[in-house]
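Read the structure below first, then the notes.
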């Protein structure tokens, strides 16, 4: 380990965090928000009495959960420009950019997982709560929005956050489309300065500290929710 | 006011209701009783379409419940319902429970809804608990809040689905007292219950159900005096002499 160069880490800290980690955290936060919203809609579709709707949502979820994430990232990255061109009736593939491409991918992909969590959450709410909302004269959307989803969301919060920690780690895969996320930034410096051991070790430690810290918080939250209930 | 005509309902191939017909007039208190699994809870839930039925018809003030064109939320908002397990919204305070329907369905202002809600809360003797969450109240208190919540919508009729079955014995009376008072004020009520004391005190009619059928539909005096069906006689002797 005599050749371990701490200096390269220190020198690259501003770049790693200001560029890389900002990208990673922005992507995580936006994909989480989008994924939970879209996933909740999917969960409501899956639980709908109207069969074609629940089958459509079910097919989507199963498809997303059966394809490796890397493949979905590639697939979207190369396909979205063409789909965009087709939708906007442009003759040439539109420029989407790595960030937007990654955001769309992760939102769509994670929605499948958030969907299953929210589905379990919605099903955990007793039938009587729905009846009670309907009996007051609330419609489906009001009953969902005011009664079922707030409770489902609260019950599922620890699981949703755990899934978000997985998402946070998974965003490192955008490095395959040359995005400058935290890993991507480190990788660029590692290759430029030929300091692969240093950079990849540092990246691993940072991911570990952040993920472990977050999951500790989630555990505490889980205990608090258990007490409230 | 509520009129049922040959209502039948199936869960898959299992028939839970068979040709149920009855009428509830304005201001009338009708008690529905019968052994568990006889379909009485299902029947009462058909009245505000919480349970769909496949045959027959139900009308509430002339509006057909089973008609797909009927505005169900509007119809339901006019019929109060109280459930066995209270079903207050656990993530809302008592006051929020009382105002939600008024604001969202009836379009009342928060101030107006709160005033109305608190007045009803005072009536059921729970004004001091207005800022608590349902989980902090006893079962009897929760059920009284649930009754107040149903009343906050100014219903034309009230449905009670075994309102005291989930309560500890010492809390049953505090809920029944509220219901008796309501009956005396002339509220139209349909009550699924095993509380025969309540039936004797305020019911006008008693409906006895068994295996998805209305076996007996009689004036209170007749029902308790000389029930015609053997099944009702057995049920009464069991429930009154236990």
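Chains as they are written, first to last, in my numbering: chain P, 1 to 229; chain S, 230 to 471.
Cβ atoms here follow ideal geometry from the backbone N, Cα and C, with glycine treated the same way.
Any chain S beta carbon closer than 8 Å to residue 138/P
Translated into the one-based positions of the first chain, residue 138/P becomes position 138. Residue 138/P counts as touching chain S.
With 16 other CB atoms within 10 Å as the buried threshold, where does residue 13/P fall?
Along the first chain, one-based indexing puts residue 13/P at 13. Burial check for residue 13/P: the Cβ neighbour count within 10 Å stays below 16, so the residue is exposed.
Look at the alpha carbon of residue 202/P and the alpha carbon of residue 361/S, and state the distance between them as a whole number of angstroms.
What you label residue 202/P is simply residue 202 of the first chain in a count that begins at 1. What you label residue 361/S is simply residue 132 of the second chain in a count that begins at 1. Approximately 50 Å, taken between the alpha carbons.
Under 8 Å: do the stretch 439-446 of chain S and the stretch 258-272 of chain S share three or more Cβ pairs, one atom per stretch?
yes
Against chain P, which members of the stretch 288-312 of chain S pass a CB distance test of less than 7 Å?
So the list reads 302, 303, 305, 306, 310, 312, given in the order they occur along the chain.
Going along the chain, which residues of its own chain have a beta-carbon closer than 6 Å to the beta-carbon of residue 247/S, five neighbours each way excluded?
The residue you call residue 247/S lines up with position 18 of the second chain. Excluding the 5 residues flanking it on each side, residue 247/S has same chain C-beta neighbours closer than 6 Å at 237, 441, 442, in chain order.
Range covered by the alpha helix (DSSP H) that runs through residue 447/S:
By one-based count along the second chain, residue 447/S stands at place 218. Where residue 447/S is concerned, there is no enclosing alpha helix (DSSP H), although the beta strand (DSSP E) it sits in stretches over 442-448.
Between the stretch 327-342 of chain S and chain P, which residues of the former have a C-beta closer than 7 Å to a C-beta of the latter?
Residues passing the 7 Å Cβ filter: 329, 330, 333, 334.
Could you name each continuous alpha helix (DSSP H) segment of 4 residues or more that falls completely within the stretch 83-158 of chain P, going from the start of the chain to the end?
98-123, 127-135
To the nearest angstrom, how far is the alpha carbon of residue 363/S from that of residue 253/S?
Taking the first residue of the second chain as 1, we reach residue 363/S at position 134. Taking the first residue of the second chain as 1, we reach residue 253/S at position 24. One C-alpha to the other measures close to 32 Å.
Using CA coordinates, which residue listed in 178/P, 161/P, 199/P, 195/P is at the minimum distance from residue 212/P?
As a working note, residue 212/P is residue 212 in the first chain. Ranking the options by Cα distance to residue 212/P, first place goes to 161/P.
If you count every other CB in all the chains shown that lies within 10 Å of the CB of residue 176/P, and 16 or more means buried, which is it?
Looking up residue 176/P in the first chain gives position 176. Residue 176/P comes out exposed.
Helix or strand or just coil, what does DSSP make of residue 237/S?
Here residue 237/S is taken as the residue at index 8 of the second chain, counted from 1. If DSSP states are grouped into helix, strand and coil, residue 237/S belongs with the strands.
Let's test the definition: count the other Cβ atoms within 10 Å of the Cβ of residue 217/P and tell me whether it reaches 16, buried, or not, exposed.
Start at 1 with the first residue of the first chain, and residue 217/P comes out as number 217. So residue 217/P counts as exposed.
Is the CB of residue 391/S under 8 Å away from at least one CB in chain P?
Here residue 391/S corresponds to residue number 162 of the second chain, with the count starting at 1. No, residue 391/S lies away from the interface with chain P (no Cβ there is under 8 Å from its Cβ).
Check distances from the C-beta atoms of the stretch 139-157 of chain P to those of chain S and list, in chain order, the residues that come in under 7 Å.
139, 142, 146, 147, 150, 151, 154
Name the chain P residues that come within less than 8 Å of residue 382/S, Cβ to Cβ?
Counting from 1 along the second chain, the entry for residue 382/S is found at position 153. In chain order, 136, 137 make up the part of chain P whose C-beta sits under 8 Å from the C-beta of residue 382/S.
Separation of residue 112/P from residue 279/S, as counted between CA atoms
Start at 1 with the first residue of the second chain, and residue 279/S comes out as number 50. Start at 1 with the first residue of the first chain, and residue 112/P comes out as number 112. Approximately 31 Å between the Cα atoms of the pair.
Cβ of residue 124/P less than 8 Å from any chain S Cβ?
Position 124 of the first chain holds residue 124/P. No, its Cβ sits nowhere closer than 8 Å to a Cβ of chain S.
Is there a Cβ of chain P sitting closer than 8 Å to that of residue 272/S, yes or no?
Indexing the second chain from 1 puts residue 272/S at position 43. No, its Cβ sits nowhere closer than 8 Å to a Cβ of chain P.
C-beta neighbour in chain P for residue 316/S, strict 8 Å
Numbered from its first residue, the second chain carries residue 316/S at position 87. For residue 316/S, the answer is yes, since a Cβ of chain P falls inside 8 Å of its Cβ.
May I ask you to list, following chain order, the residues of the stretch 28-41 of chain P that have a beta carbon less than 9 Å from some beta carbon of chain S?
none
Could you have a look at residue 244/S and say whether DSSP puts it in helix, strand or coil?
Numbered from its first residue, the second chain carries residue 244/S at position 15. Correct three-state label for residue 244/S: strand.
Using DSSP's beta-bridge definition, name the partner residues of residue 232/S.
As a first step, residue 232/S must be located in the second chain, where it is residue number 3. For residue 232/S, which the question treats as bridged, DSSP gives the partners 252/S, 288/S.
Thinking C-alpha only, which one of 125/P, 225/P, 174/P, 11/P is nearest residue 23/P?
Along the first chain, one-based indexing puts residue 23/P at 23. If you compare the alpha carbons of 125/P, 225/P, 174/P, 11/P with that of residue 23/P, the shortest gap goes to 174/P.
Could you pull the start and end residues of the alpha helix (DSSP H) that residue 354/S belongs to?
What you label residue 354/S is simply residue 125 of the second chain in a count that begins at 1. Taken as a continuous stretch (DSSP letters only), residue 354/S belongs to no alpha helix (DSSP H), as it is neither H nor E.
Between residue 276/S and residue 420/S, is the Cβ-Cβ spacing less than 8 Å?
Looking up residue 276/S in the second chain gives position 47. Looking up residue 420/S in the second chain gives position 191. Contact flag unset, no.
Unbroken alpha helix (DSSP H) runs of length 4 or more, entirely within the stretch 157-226 of chain P: which are they?
182-193
Residues of chain P with CB under 8 Å from residue 279/S, in chain order?
Residue numbering aside, residue 279/S sits at position 50 when the second chain is read from its first letter. Those are 131, 134, 135, listed as they occur along chain P.
Quick one: list the residues of chain S neighbouring residue 121/P, beta-carbon separation under 7 Å, in chain order.
By 1-based counting over the first chain, the position of residue 121/P is 121. Under the 7 Å cutoff, chain S gives no residues; its nearest Cβ is about 13 Å from residue 121/P.
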